[in-house]
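Going letter by letter, the sequence shown gives residues 1182 to 1395 in the working numbering.
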Amino acid sequence: MTSPRSSSTEVASRVHRVPLIGATAYVILEDEITVIDAGLRGSLPRLHAWITSVGRSPQEVRRFVITHAHPDHIGGAADANILLHPADRERPLRFNAGTIARRLSRLPATIDVADGDVVPVLGGLRVIHTPGHTPGSVCLYAEREGIVFVGDALWSDDDGALHPPNPYWSEDLPSARRSLDTLAGLRVGTILLAHRPPLERAERALRELAERWH
Ligand SMILES: [Zn+2]
Ligand SMILES: [Zn+2]
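Structure representation (structure tokens):
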């Protein structure tokens, strides 16, 4: 199994940034294929076309790891294991972004993940529960590679500064702030966001946001 090392989509070793409908997926090409987030419903053909374009088969997709159950992250997930924190599956309905998400995306059958779980990807991809944007938001930390996938738990601007998650679409900003403290303790070089370019100098960016956001 080879991956296209010089591909413009490769943002870390074996990790590819693939735009789907509504959000970016990160496709990890190992012997098995793992996909972080899945775009809106209708994204699956686009994902499969990309996988085929790099000489792999969509049948090699072993799992989706979903950072949270908003429709632009889980809508396209199908035909593989779908890992999701149960707080985004079982939360009570409320009139907020979460309610809208549940109405728009009929959730597929999912496999629970919990804080501290390690998915066998990239030498060990650790699940970090980071509630705030949604109750079941998780970040995924590949310590060996020094990268963390944050979904929508954080935002960034064009100057490379980190920001809190979008307040309109986030359910609990105080929780999101506490989650930032968890992330700020990581040894990490690159933050991979769902709607923004990769952000380098990650530890410094996390520290600066923690100082600014009270
Ligand atoms: Zn999103
Ligand atoms: Zn979201």
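Don't be surprised by glycine CBs; every beta carbon is placed ideally from N, CA and C.
For Asp1340, the closest C-alpha among the options Arg1368, Ala1386 and Glu1241 is that of Ala1386. Proximity to ligand 2 was defined by a C-beta distance below 7 Å to any of its heavy atoms, and the residues meeting it, in sequence along the chain, are His1249, His1251, Asp1253, His1254, His1314, Thr1315, Gly1332, Asp1333 and Trp1350. Distances taken from the Cβ of Ala1375 to the heavy atoms of ligand 1 include one shorter than 8 Å. In this structure, ligand 1 has no non-hydrogen atom nearer than 8 Å to the beta-carbon of Ala1258. Per DSSP, the unbroken beta strand (DSSP E) holding Ala1193 starts and ends at Glu1191 to Ala1193. Relative to the Cα of Arg1237, the nearest Cα in the group Ile1209, His1251 and Arg1377 belongs to Ile1209. Beta-bridge partners assigned by DSSP to Asn1262: Arg1244. Relative to ligand 1, the beta carbon of Ala1204 is positioned inside 8 Å of a heavy atom. Pairing Ala1334 with Ala1357, the inter-Cα distance amounts to about 7 Å. Shown here, Pro1355 sits in a helix according to DSSP, grouped into three states.
When Cβ pairs closer than 8 Å are counted between the two stretches, the stretch 1323-1334 is seen to touch the stretch 1303-1312, the count reaching three or more.
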